[in-house]
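Each residue of the sequence shown is one higher than the last, beginning at 19 in the working numbering.
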Amino acid sequence: MIHIIRQPNLSGHRGGGHGKPPHWIMGSCSVTPNPLQQWAVGTLSGSGFPINSTVSFTIQSPTGGLAVGGDNTDAQGNFETQIQGWVGTNLVTVFKDNVIATCSFEVVVDI
């Protein structure tokens with residue numbers, strides 16, 4: 019599931035950038051496989067980010083734990099990195115400058 023956050027410019031003017039809230043641009047992210055088995059490694063992929071730059075990401079656990087990381091984008095603004103999560107629904111937020119994307123993935127216990 020992918021959620022995109024976009025914040026419009028609500029300042030009502032275009033002068034000099036002072037007092038203007040950031041203009042969020044949508045990126046996208048996903049985790050595969052989804053669901054992910056407990057202790058397994060998944061792939062976090064993203065696109066729509068600034069080219070040849072470093073994105074940051076957070077993974078929030080169902081119980082409030084937080085992991086942070088980063089990866090480099092390619093010449094098209096895409097990246098892939100390996101991640102793990104906690105049992106339950108994990109929320110991922112990826113960001114660079116004014117580009118942001120969120121996605122979630124499930125971690126399940128083998129039965």
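Idealized CB from N, CA, C, for every residue including glycine.
Counting along the chain, no beta strand (DSSP E) covers residue 79, and no H or E run does either.
With a threshold of 16 other beta carbon atoms within 10 Å, residue 103 meets it and is buried.
Given a length threshold of 3 residues, each whole run of the beta strand (DSSP E) inside the stretch 95-129 is given here in chain order: 97-101, 106-114 and 117-126.
Leaving aside the five residues that flank residue 87 on each side, the residues in its chain whose CB is nearer than 6 Å to its CB run, in chain order, 75. For residue 89, the closest alpha carbon among the candidates 121, 112 and 123 is that of 112. With 16 or more other Cβ atoms from the protein chains shown falling within 10 Å of its own Cβ, residue 62 counts as buried.
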